[in-house]
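Residue numbers for the sequence shown, in our numbering: 10 to 526. Ideal Cβ positions, reconstructed from N, Cα and C, are used throughout, including at glycine. Note that the structure is a prediction, hence the values are computed from the model and not measured. Reviewing the structure listed below.
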Amino acid sequence: MQTNTDISAPEQRKPVLTENKAWKPYQIFLFRVAFIFFIIMSIPGSASWYKGFFGIDWTSVHYRDLYDIARFQPAFLRGAGRILYGYGEWLVILGISIIGSGIWYLFDRQRKEYTKLNYWLRVIVRYRAGIGIIGFGFTKLLPVQMPYPSVGLLNTDFSDLTLQKIYWLSIGIVPWYQVFAGVVEVAAGMMLFFRKTTLLGAILLFGALGDIVYVNFAYDGGVHVYSSYFALYGAFLIIHDIPKLYNLLILERLTIPRNYYPSFARPWQKYLRIGLKTLVIVVFLGLLFYVQTLNFLYDPYKQPAVSGVKELRGLYHVAEFRINDRLIPESPNDSLRWQQVTFEKWSTLTYNVNKPVKLDLSNGGGSPMRDINRTFELTGVAGGRRVFYYEADTRNNVLYLQDKNVARARQERAAAFEPKQPEQADNWIPKEALAHIGDENLKIEPLALTTRRTRGIKTEKEKDPKRNRMILRYSTTDGSRVVLEGTDEHNNSLHMVLKRVDRQYALSEGKLEAGKY
């Protein structure tokens, strides 16, 4: 019986070695360019990164402390990041690298290879990519990056959602898929920490992040540059092994990889290598997983952390609506009448009116510590959806509400030709009510209370912009019927009767939702 491959042929029995001692001139040139390029790309270029790093309280670590260490990209050139869809800075760095390689050539013309330097460049790229993608992956592994839709979002017209919002919500409704994506990303990062699994990790990294790059372009997601950053790192690591893979998979030849590894002969070198690797793994796998778990359970970064008034939670039909004692008949075309009210599990009230607002095109991310600044409920949502954060004096049944859409307040003031006003004083809530409301910072599980959260809430309060505000008194027995009375942001008196709607959704209820409410 004959086969297509003669295993006795000399060219089949002879191992194929894929690395030569002396490099070709073009390889030397490309290496010099790549070395300068990836070194610059791997250095944090923002002063805020260093401020954050040196400001970490290691006795009380917040997940964002470690995430921000891992999450950075080039930020050296102000304004360049806005050119060519955000890739302008990369082109500038590439230009610097080409010029730098020319200068390097003038001082090092006789060099025939850079095997040792290439090894250390790959180490830098491996660890930079590994740390970064693990930080990225944990927000999916413990699904907080794309939350399950709030009640308000579930009752928003599909045509009122941006492309980006549709994609994020489509992942949020299937949290186990989000977990799977997180597993892939974290596994890729773990593999990059070890030399023998670098190729597998790089292939996973390039495949997973390459898909995310395309998705962000297709859905106008906004993080295509950052995902491209890791896809580029994965591609660089794969290139080293392409000749071996070609010989093995395409030419079907016996291929024995021959890689350069430096000798760590002295004891201090061995201990230093093992110690640094162990430190990275403990911090970015062990500690980061722990603090991310606390964030998922008690303080999810896109959702408000503080529980709302339990008896009010749900979707409501506005059965009666009066403004300045004038009854407004039910009509979907009315620009004053509230059409639909939701009270979320957390401290948010939403309602619809037939009056568009300025669209927030962000994804509601970032690192806000205050619930009022966590805006995933309103970002990417057009139409007339209003989103208000409230502080509840449950002893007197009063809600003190502030508009989470700051852009809306600015838009309304501009439309009314109101002059710029000074920042608001914090005395609009009576001291007695503040005593009943309590400190927002202390309302979460003590395990999740960190120095960063405490500092962040204080700083955000000091910088809080002017917002639209309402004060509403609520009354209800079991939540099926709620009466709201008070004043809106324009000092109009309001009176409304809400009736709870027990709506059944085609979507199955989320089984893996962040937060404890």
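Asked                                                                                                          : Found
Sequence-distant residues of the same chain with beta carbon closer than 6 Å to ILE180, five excluded per side : MET155 and GLN187
For GLN430, the three-state DSSP class (helix, strand or coil)                                                 : Confidence at GLN430 is low in this model, with a pLDDT of 49, below 50, so the placement of that residue is unreliable and no value is reported for it.
Three-way DSSP call (helix, strand, coil) for HIS249 in this model                                             : coil
Proximity below 8 Å, CB of TYR483 to CB of LEU321                                                              : yes
Span separating the alpha-carbon of LEU358 from that of ILE45                                                  : 52 Å
Rounded straight-line distance, which links the Cα of ILE466 to that of THR302                                 : 21 Å
Coil, strand or helix - THR68 by DSSP                                                                          : coil
Among LEU93, LEU281, PRO158 and TYR242, the one whose alpha carbon lies nearest that of LYS520                 : PRO158
Coarse secondary structure for MET200, derived from DSSP in three states                                       : helix
Secondary structure of LEU288, DSSP reduced to three states                                                    : helix
Inter-stretch contact at 8 Å, needing at least 3 Cβ pairs: the segment 494-501 / the segment 277-296           : no
THR171, enclosing beta strand (DSSP E) - first and last residue                                                : Segment: none, THR171 is in no beta strand (DSSP E) and carries neither H nor E.
Under 8 Å between C-beta atoms of LEU297 and GLY144                                                            : yes
Reference THR148; option with closest CA among ILE105, VAL42, TYR269 and LEU75                                 : LEU75
Any non-hydrogen atom of the ligand SAM closer than 7 Å to SER489 Cβ                                           : Absence of the ligand SAM from the depicted structure is noted, as is the absence of any ligand whatsoever, leaving it without description.
Same chain, Cβ closer than 6 Å to GLU522, neighbours up to 5 away in sequence not counted                      : TYR157
Three-state secondary structure (DSSP) of GLU441                                                               : helix
Where SER272 sits in the DSSP three-state scheme                                                               : coil
Cβ-based neighbour list, THR287, same chain, cut-off 7 Å, excluding 5 preceding and 5 following                : none
7 Å CB neighbourhood of ARG512 in its chain, flanking five on each side removed                                : LEU324
Rounded separation between VAL25 and LEU246 - CA only                                                          : Its pLDDT being 43, under 50, VAL25 is placed unreliably in this model, and the coordinates cannot settle the point.
Residue closest to SER55, alpha-carbon to alpha-carbon, out of LEU162, LEU336, PHE81 and ALA515                : PHE81
Local conformation of THR486 per DSSP, three classes                                                           : coil
Rounded distance between the beta-carbons of LEU39 and ALA138, thought under 8 Å                               : ALA138 to LEU39, Cβ: 19 Å. No contact.
Run of the beta strand (DSSP E) containing ARG464, from where it starts to where it stops                      : Here ARG464 belongs to no beta strand (DSSP E); instead the alpha helix (DSSP H) covers 460-471.
Beta-carbon proximity check, ILE337 vs ASN501, cutoff 8 Å                                                      : no
Residue span of the beta strand (DSSP E) that contains THR357, given as start and end                          : 357-361
C-beta contact flag for ARG476 and ASP380 at 8 Å                                                               : no
Beta-carbon proximity of TYR398 to SER371, cut-off 8 Å                                                         : no
Integer Cβ distance of VAL224 from ALA240, believed to fall under 8 Å                                          : With a Cβ gap of about 12 Å, VAL224 and ALA240 do not count as contacting.
Length of the line joining the Cα atoms of ALA190 and TYR242                                                   : 19 Å
Entirely enclosed alpha helix (DSSP H) segments - the segment 205-268, minimum 4 residues                      : 207-227, 233-248 and 251-254
Euclidean distance between Cα positions of GLU454 and TYR307                                                   : 6 Å
Host beta strand (DSSP E) of GLU339 (start-end)                                                                : Counting along the chain, GLU339 falls outside any beta strand (DSSP E), and DSSP gives it neither H nor E.
Contact between the segment 166-177 and the segment 101-114 (3+ Cβ pairs under 8 Å)                            : no
Selection from GLU339, ASP117, LEU254 and GLY317 that minimises the alpha carbon distance to GLY524            : GLY317
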